[in-house]
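Residue numbers (the working numbering): 275 to 515.
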């Protein structure tokens, strides 16, 4: 609350205020992580979320109805984010199916023994497949399906701790992505504006495949037909959820 009401609510001021001592080099690296990593990953998240919604008309309609009810035709404000619950779950479910990055790499600081009696020497890299965890039928029901409703709307936004590390699109612990909240906020605002202003459908006969790297992106692009949409004010703040 103090940060939101501050006269200078910039990322730089927030980083300076959150630490007692920080070097210019560390500030630069943190800003690059937030801005560069946040933008590329957010673009990929939005691409796959729109793709998944275009294949699930009921979820798309529900998300658009929520946007119309909450925003009532105006641009989203920070105070609206908490009320865009289903739209946020669409994004988190997209992150489950298409995590960015799909693989995490961590370097052991000391000799250690992992579960399963796997021995790791100090300095060795450990690769964690986020994609495989998120698609595992051992930890997720209907693991390969887009089911935004698997995340309770009245509970906290899913993260690594409240899902017992089954959901780790931003990693976890002290090396967790420093820009996770910024990236999620950016995606929610962008998707809300898009759903408010446009109807869309996939161009038929596309071969949509994915290529993995730092993010998961479409190999040959993703083409959609767009048409302008007017908000439906029938879904007012008094409409039942």
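Glycine included, each C-beta is placed from N, C-alpha and C at the ideal position.
### Query
From residue 332 to residue 411, what does the alpha carbon distance come to, in whole angstroms?
Their Cα atoms are separated by approximately 24 Å.
#### Entry: Start-end ranges of the alpha helix (DSSP H) lying completely within the segment 326 to 402, minimum 4 residues
Positions of the alpha helix (DSSP H) runs, each at least 4 residues long and wholly inside the segment 326 to 402, are given as 331 to 345 and 359 to 371 in order along the chain.
### Task
Go ahead and label residue 453 buried or exposed: buried means 16 or more other beta carbons lie within 10 angstroms of its beta carbon, across all protein chains shown.
So residue 453 ends up on the buried side.
### Query
Start and end of the beta strand (DSSP E) containing residue 490?
Residue 490 -> beta strand (DSSP E) spans 490 to 492.
### Query
Just how far apart, CA to CA, sit residue 344 and residue 468?
About 14 Å.
### Cβ-based neighbour list, residue 350, same chain, cut-off 6 Å, excluding 5 preceding and 5 following
Here the set comprises 463 and 466.
### Message
With a threshold of 8 Å, are at least 3 pairs of Cβ atoms found where one atom belongs to the segment 315 to 331 and the other to the segment 482 to 493?
### Response
Result yes; three or more Cβ-Cβ pairs closer than 8 Å.
### Message
Please report the straight-line C-alpha distance between residue 502 and residue 286, rounded to a whole angstrom.
### Response
Looking at the two C-alpha atoms, the distance is approximately 37 Å.
### Message
Does the structure place the segment 376 to 392 close enough to the segment 431 to 441 that three or more beta carbon pairs sit under 8 Å?
### Response
The segment 431 to 441 vs the segment 376 to 392: no contact.
### Query
What residues are listed by DSSP as bridge partners for residue 485?
In the DSSP output, where bridge partners are listed per residue, residue 485 has 491.
### Message
Distance check for residue 383 and residue 298, CA to CA, integer angstroms please.
### Response
Using only the alpha carbons, I get a separation of about 25 Å.
### Task
State the Cα-Cα distance for the pair residue 498 and residue 304, rounded to the nearest angstrom.
Approximately 35 Å, taken between the alpha carbons.
### Query
Just how far apart, CA to CA, sit residue 470 and residue 447?
Approximately 36 Å between the Cα atoms of the pair.
### Query
Looking only at DSSP bridge pairs, what is residue 502 linked to?
According to DSSP, residue 502 shares a beta bridge with 472.
### Boundaries (first-last residue) of the alpha helix (DSSP H) holding residue 305
Where residue 305 is concerned, the enclosing alpha helix (DSSP H) stretches over 298 to 306.
### Message
Let me confirm a value: residue 341 is counted as buried when at least 16 other C-beta atoms fall within 10 Å, else exposed. Which label applies?
### Response
Of the residues assessed, residue 341 falls on the buried side of the cut-off, its CB having 16 or more other CB atoms within 10 angstroms.
### Query
Using a Cβ-Cβ cut-off of 7 Å (strictly less than) and excluding sequence neighbours within five positions of residue 422, which residues of its own chain qualify?
Correct list, in chain order: 333, 360, 363, 364 and 367.
### Helix, strand or coil at residue 317 [DSSP, three-state]
In this structure, DSSP gives residue 317 a helical state, which the three-state scheme calls helix.
### Task
Have a look at residue 396 and residue 477 and give me their C-alpha separation to the nearest angstrom.
If you take the alpha carbons of residue 396 and residue 477, they lie about 50 Å apart.
### Query
Where does residue 422 sit, in a helix, a strand or coil, going by DSSP?
DSSP, reduced to helix, strand and coil, places residue 422 within a helical segment of the structure shown.
### Message
If I measure Cβ to Cβ from residue 328 and keep anything under 8 Å in the same chain, skipping five residues before and after, which residues do I get?
### Response
Result list for residue 328: 334, 474, 475, 476 and 498, in chain order.
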